[in-house]
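Right, one structure below, let's go through it.
Numbering (the working numbering), first residue to last: 3 to 224.
Rendered as structure tokens:
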């Protein structure tokens, strides 16, 4: 971190740009998965949008496309939110407590591990000889497409405001390590929920976060 206005790496560090024909083939393959079968009506509707040229190549900054029950809607009623966070390599594993990596992380209640990209480890100057004990090896992780073997690493994490005011102390989080891939997002993990209260309100896209339950109750709309 340097200066009064730190730069946060985005939750999706690489833009996702895909041509319609390529995307259609991906979606057709996805239909064969368990999650794809559960979302068949929406995936088939999305395929038709591409095939009918109602959707073109997706560019960075394009508004998202939302589908509910096979119909395109204006916005997602289950709006995802991002949080400001920073991580560091734990000092007990040779990490420098003053060298941190700030980024945005997607608040995902279904995620029990944090997502860390190779670019994050590069920014933290990860060295296998010095920091290797933090790596836990390949572990089966449950995903929407079934189990996948992913390397795990222990990191220290802290939730902060956009102006870098700490909302939590440093806490230990388990993270999967992934290559930087188009379309992949950093998922939040679960440990932060031991330190903060979260809430949403019907018809309101805001995510409410507070250090105490009373703060959540006070801020929620009537």
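We put the CB at the ideal spot given by N, CA and C, even for glycine.
- According to the DSSP assignment, residue 84 belongs to the beta strand (DSSP E) that extends over 84-90.
- Fewer than three beta-carbon pairs drawn from the segment 165-173 and the segment 114-132 are found closer than 8 Å, and the two stretches are therefore not classed as touching.
- For residue 214, the three-state secondary structure derived from DSSP is coil.
- A distance below 7 Å between beta-carbons, with the five flanking residues on each side excluded, links residue 215 to the following residues of its chain, in chain order: 199.
- Distance from the CA of residue 126 to the CA of residue 53, rounded to the nearest whole angstrom, comes to 43 Å.
- For residue 94, the three-state secondary structure derived from DSSP is helix.
- Excluding the 5 residues flanking it on each side, residue 21 has same chain C-beta neighbours closer than 8 Å at 59, in chain order.
- With a cutoff of 8 Å on beta-carbon distance, residue 87 and residue 179 are scored as not near each other.
- Following the DSSP letters along the chain, one finds residue 187 in no beta strand (DSSP E), marked with neither H nor E.
- Take residue 83, set aside five residues on each side of it, and the residues of its chain with a beta-carbon closer than 7 Å to its own are 109 and 209, in chain order.
- Annotated three-state conformation of residue 32 is helix, per DSSP.
- Rounded to whole angstroms, the separation of the alpha carbons of residue 100 and residue 28 is 42 Å.
- Between residue 176 and the set 158, 167 and 119, the nearest pair of CA atoms involves 158.
- Put simply, the backbone Cα of residue 69 is about 8 Å away from that of residue 48.
- Non-local C-beta neighbours of residue 103 in its own chain, meaning closer than 8 Å and more than five positions away in sequence, comprise 11, 88, 89, 90, 122, 125 and 126, ordered along the chain.
- Exclusion of the five residues before and after residue 155 leaves 136, 137, 177 and 179 as the residues of its chain whose Cβ lies within less than 6 Å of its Cβ.
- Boundaries of the beta strand (DSSP E) harbouring residue 175: 173-180, taken from the DSSP string.
- The Cβ neighbour count for residue 188, taken over all protein chains shown within 10 Å, is at least 16; the residue is labelled buried.
- Around the beta carbon of residue 92, 16 or more other beta carbons sit within 10 angstroms, so the residue counts as buried.
- When the alpha-carbon of residue 8 is set against those of 192, 166, 183 and 113, the nearest one is in 166.
- Exclusion of the five residues before and after residue 192 leaves 114 as the residues of its chain whose Cβ lies within less than 6 Å of its Cβ.
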